[in-house]
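If you're matching them up, the sequences are chains A and B in order.
Using numbering that gives the first Met the number 0, the first residue of the first sequence is number 0, and each one after it goes up by one.
Using numbering that gives the first Met the number 0, the first residue of the second sequence is number 0, and each one after it goes up by one.
Data block below; observations after.
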Amino acid sequence: MDLTIDLSGLKLKNPTILAAGILGTSAASLRRMAQHGAGAVVTKSIGALPRKGHPGPVLVKTEHGFLNAMGLPNPSYREFVRELETVKGDVPVIASIFGSNAKEFEEVALGLSKARPDAFELNLSCPHAKGYGATLGTDPLKVKEITKSVKSVVDVPVWVKLPPLANIAEVGLAAQEGGADAAVAINTIPAMGIDIESGRPILGNKVGGLSGAAIKPVALRCVYELCATLSIDVIGVGGIFTWKDAVEFIMAGASAIEIGSAVHDDINVFRNISKGIAQFLEKRQCTLDDIRGVAQK
Amino acid sequence: MMPMNARITKIVDETPSTKTFFLDLTLDSKPGQFVMVWIRGVDEIPMSLSCPNAITVQRVGDATSALFKLKIGDSIGVRGPIGNGFTLSGKSILLIGGGVGAAPLAPLAEAARDEKIKVKTLLGAKIGDELLFVKRFRGAGEIQTATDDGSKGHKGPVTELVAELNLQDYDQIYSCGPEKMMHKVLNAAKNANMTPKTQLSLQRYIKCGMGICGTCCIDPSGLRVCVDGPVFSGDILVDSEFGRYARDASGRKMKL
Chain A
0 MDLTIDLSGL
10 KLKNPTILAA
20 GILGTSAASL
30 RRMAQHGAGA
40 VVTKSIGALP
50 RKGHPGPVLV
60 KTEHGFLNAM
70 GLPNPSYREF
80 VRELETVKGD
90 VPVIASIFGS
100 NAKEFEEVAL
110 GLSKARPDAF
120 ELNLSCPHAK
130 GYGATLGTDP
140 LKVKEITKSV
150 KSVVDVPVWV
160 KLPPLANIAE
170 VGLAAQEGGA
180 DAAVAINTIP
190 AMGIDIESGR
200 PILGNKVGGL
210 SGAAIKPVAL
220 RCVYELCATL
230 SIDVIGVGGI
240 FTWKDAVEFI
250 MAGASAIEIG
260 SAVHDDINVF
270 RNISKGIAQF
280 LEKRQCTLDD
290 IRGVAQK
Chain B
0 MMPMNARITK
10 IVDETPSTKT
20 FFLDLTLDSK
30 PGQFVMVWIR
40 GVDEIPMSLS
50 CPNAITVQRV
60 GDATSALFKL
70 KIGDSIGVRG
80 PIGNGFTLSG
90 KSILLIGGGV
100 GAAPLAPLAE
110 AARDEKIKVK
120 TLLGAKIGDE
130 LLFVKRFRGA
140 GEIQTATDDG
150 SKGHKGPVTE
160 LVAELNLQDY
170 DQIYSCGPEK
180 MMHKVLNAAK
190 NANMTPKTQL
200 SLQRYIKCGM
210 GICGTCCIDP
220 SGLRVCVDGP
230 VFSGDILVDS
240 EFGRYARDAS
250 GRKMKL
């Protein structure tokens with residue numbers, strides 16, 4: 000069964016993509032995920048300056064999913080550009096980048112362009128780093144401005160990763176108007192946990208983001224609304240663990256899906272999801288295009 | 000998992016720079032596994048288990064300094080046990096420890112003794128007072144020590160004691176300590192065609208401890224020290240970043 004897709008001009012051998020922030024700090028780790036079946040890989044979000052990230056705990060597993068507040072740790076684009084150059088394998092590599100304004104996004108995108116990433120993903124959705132991510136991604140004007148700026152300095156596709164908003168279609172439209180080639184939804188949902196022994200928030204940063212199975216219905220609704228409104232590709236991410244989850248997102252209209260938390264349970268999740276989708280399509284004697292967006296009708 | 004609450008029941012001054020904190024929590028753990036220790040309000044850091052209910056800590060930074068200020072009755076958060084741990088095999092084994100690296104080797108020596116495996120330990124430290132768990136290793140078999148200042152045992156690095164041995168006399172070699180030291184152990188093992196029979200416990204910046212964040216991935220395999228390690232067979236570490244560089248909290252490569 001052929002699962003190849005054309006995604007914002009990139010050719011993927013299957014629609015499963017390693018999400019940003021998961022095992023994406025080194026070229027070796029990104030290559031390993033590609034070897035485990037990912038159709039494309041997204042790097043850890045990279046910024047203008049080195050950041051150590053928040054104090055620990057940075058990630059805890061709760062009965063509802065993972066809570067994390069990594070705090071955008073990254074070695075800066077100056078250092079990461081050398082890492083990115085060596086990822087080159089047989090799957091597209093997408094550089095996730097962040098900044099506090101359009102100028103900074105431009106600087107990082109230009110800096111990493113030397114390593115020829117296949118696309119950029121703009122992190123306008125991290126919920127727990129002040130002045131970055133969702134601080135910008137909730138404002139349609141800023142989303143449009145930043146997308147336009149990055150588009151003006153790079154010659155590869157630009158994806159825009161959005162936070163889980165009530166008005167996500169409006170922000171998605173702003174990205175599309177700014178020239179985005181794809182919208183990615185969603186990032187983690189702002190959340191927290193409290194250690195009842197001490198009465199302290201469980202995360203070092205106090206608040207963070209929730210990922211995992213619990214957020215799938217939220218992500219699905221966001222993807223459904225984006226697909227109904229936008230003409231560009233939409234990539235679904237949030238709580239995808241099985242091929243059935245993936246098929247739901249594709250039926251909502253997603254062109255591809257990203258996987259994060261599920262890598263914890265199973266590093267072969269990409270291969271397993273692809274296999275499951277292929278079997279589902281074979282049984283129904285149809286293609287990915289046949290089922291994409293059927294829920295919109 | 001969420002951090003479990005653990006109360007400190009006993010604190011032992013092992014050497015001038017290390018203390019053992021006994022906890023009211025006994026983990027179903029293997030020698031070589033570790034825990035993430037949450038010093039509330041400060042940070043969460045990986046720590047070797049020196050017993051199923053104890054961690055042995057060297058004061059090196061903010062988090063360990065904060066840990067050293069805690070008293071009996073105070074509590075910490077603990078996630079674990081994490082990682083693969085050492086695998087015992089053979090009839091006669093060699094342990095090579097340096098500094099606080101002796102912490103995960105001591106329970107391994109005792110587990111080997113309990114299984115009637117012959118244990119020889121080479122233990123090194125800068126000065127005699129810093130030799131960790133000498134009694135535990137002696138109780139499990141034979142021990143030779145080395146110190147930089149010559150105050151106890153051989154004067155010089157512990158790897159000079161390794162050079163005096165025929166490594167093929169041992170069924171398995173285990174090492175934990177400063178990476179420069181372990182790298183010399185690996186080279187000696189390589190020369191004796193013993194790399195697949197050498198198990199080394201790696202130290203890397205570990206953040207999530209769940210194999211998700213990628214901070215501790217090593218080159219060129221991309222393996223995660225926290226869940227695929229921290230113990231790796233020598234043949235995985237030959238021709239790797241091991242002995243050359245490691246990444247810091249931001250992911251920048253730092254020469255060793």
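Glycine residues also receive a C-beta, built at the ideal position from the N, C-alpha and C atoms.
In this text the structure is predicted, and so the values were computed from the model without any measurement.
Extent of the continuous beta strand (DSSP E) run through residue i
i	result
E114 of chain B	Note, E114 of chain B: premise wrong, no beta strand (DSSP E); not H, not E.
V236 of chain A	D232 to V236
I211 of chain B	Unbroken run through I211 of chain B: none, as it is neither H nor E.
T271 of chain B	Here chain B has residues from 0 to 255 only, and residue 271 of chain B is not among them.
M0 of chain B	Element bounds for M0 of chain B: n/a, residue is neither H nor E.
A181 of chain A	A181 to A184
Y131 of chain A	Looking at the DSSP string, Y131 of chain A is not in any beta strand (DSSP E), and its letter there is neither H nor E.
Y169 of chain B	Here Y169 of chain B belongs to no beta strand (DSSP E), and DSSP marks it neither H nor E.
K274 of chain A	Looking at the DSSP string, K274 of chain A is not in any beta strand (DSSP E); the run it does join, the alpha helix (DSSP H), is V268 to R283.
C225 of chain B	C225 of chain B -> no beta strand (DSSP E), and no H or E assigned at all.
V59 of chain A	L58 to T61
T158 of chain B	Unbroken run through T158 of chain B is the alpha helix (DSSP H), T158 to A162; no beta strand (DSSP E).
R246 of chain B	Y244 to R246
S47 of chain B	D42 to C50
I16 of chain A	T15 to L17
Integer Cβ distance of residue i from residue j, believed to fall under 8 Å
i	j	result
G123 of chain B	V157 of chain B	3 Å
I4 of chain A	L287 of chain A	7 Å
L6 of chain A	T42 of chain A	Not quite, the Cβ-Cβ distance comes to about 17 Å (not below 8 Å), so this is no contact.
G89 of chain B	I71 of chain B	Not a contact, Cβ separation roughly 40 Å.
Y76 of chain A	G110 of chain A	4 Å
R243 of chain B	Y204 of chain B	Not really, about 16 Å apart at Cβ, beyond 8 Å.
I126 of chain B	S174 of chain B	So it is not a contact: roughly 21 Å between Cβ atoms.
Cβ neighbour criterion (16 or more within 10 Å) applied to residue i
i	result
E178 of chain B	buried
P195 of chain B	exposed
P15 of chain B	exposed
P56 of chain A	buried
T17 of chain B	buried
A94 of chain A	buried
V142 of chain A	buried
H63 of chain A	exposed
D42 of chain B	buried
I96 of chain A	buried
I75 of chain B	buried
P106 of chain B	buried
N267 of chain A	exposed
D264 of chain A	exposed
P216 of chain A	exposed
K119 of chain B	buried
T144 of chain B	buried
T25 of chain B	exposed
K206 of chain B	buried
N165 of chain B	exposed
R115 of chain A	exposed
R81 of chain A	exposed
I172 of chain B	buried
E13 of chain B	buried
Residue range of the alpha helix (DSSP H) that includes residue i
i	result
K143 of chain A	P139 to V152
I290 of chain A	L287 to I290
G110 of chain A	A101 to S112
Within 8 Å, do at least three Cβ pairs link the segment 181 to 197 of chain A to the segment 117 to 125 of chain A? yes
Just by C-beta distance, which residues in the segment 26 to 57 of chain A are closer than 7 Å to chain B? A27, S28, R30, R31, K43, P49, R50, K51, G52, P54, G55, P56 and V57
Could you check whether the segment 102 to 110 of chain A touches the segment 22 to 37 of chain A, counting it as contact only if at least three pairs of C-beta atoms, one from each stretch, sit closer than 8 Å? no
Give, in chain order, every residue of the segment 74 to 86 of chain A whose Cβ lies closer than 7 Å to some Cβ of chain B. P74 and E78
Taking Cβ-Cβ distances below 8 Å as the criterion, which residues of the segment 220 to 239 of chain A are in contact with chain B? Under the 8 Å Cβ criterion, the segment 220 to 239 of chain A contributes no residue.
Cβ pair count under 8 Å reaching 3, the segment 22 to 42 of chain B against the segment 80 to 87 of chain B: Taking a cut-off of 8 Å for Cβ pairs, the segment 22 to 42 of chain B and the segment 80 to 87 of chain B touch, as three or more such pairs fall below it.
On the three-pair Cβ rule with 8 Å, is the segment 122 to 132 of chain A touching the segment 64 to 71 of chain A? Yes, the segment 122 to 132 of chain A touches the segment 64 to 71 of chain A.
May I ask you to verify whether the segment 220 to 228 of chain A touches the segment 195 to 205 of chain A, counting CB pairs closer than 8 Å and requiring at least 3? no
The segment 12 to 21 of chain A / the segment 143 to 156 of chain A touching (three or more Cβ pairs under 8 Å): no
The segment 56 to 73 of chain B contacting the segment 183 to 193 of chain B, beta-carbon criterion three pairs below 8 Å: no
Chain B contacts made by the segment 184 to 201 of chain A, where a contact means CB separation under 8 Å: G192, D194, E196, S197, R199 and I201
Please identify, using Cβ separations under 9 Å, the residues of the segment 4 to 28 of chain A that lie next to chain B, in order along the chain. G20, I21, L22, G23, T24, S25, A26, A27 and S28
Sufficient close CB pairs (3 or more, under 8 Å) joining the segment 46 to 56 of chain B to the segment 272 to 279 of chain A: no
Taking only beta carbons into account, state which residues of the segment 27 to 46 of chain B come closer than 8 Å to chain A, listed in chain order. M35, W37, R39, G40, V41, D42, E43 and I44
Using a Cβ-Cβ cut-off of less than 7 Å, list which residues of the segment 94 to 115 of chain B approach chain A; keep chain order. none
Just by C-beta distance, which residues in the segment 174 to 190 of chain B are closer than 7 Å to chain A? none
Listed from N- to C-terminal order along the chain, which residues in the segment 271 to 282 of chain A have their beta-carbon within a distance smaller than 7 Å of any beta-carbon of chain B? none
If the cut-off is 9 Å on Cβ atoms, which residues from the segment 119 to 139 of chain B count as contacting chain A, listed in chain order? none
Using Cβ-Cβ distances below 9 Å, what residues of the segment 250 to 270 of chain A are close to chain B? G259, S260, V262, H263 and I266
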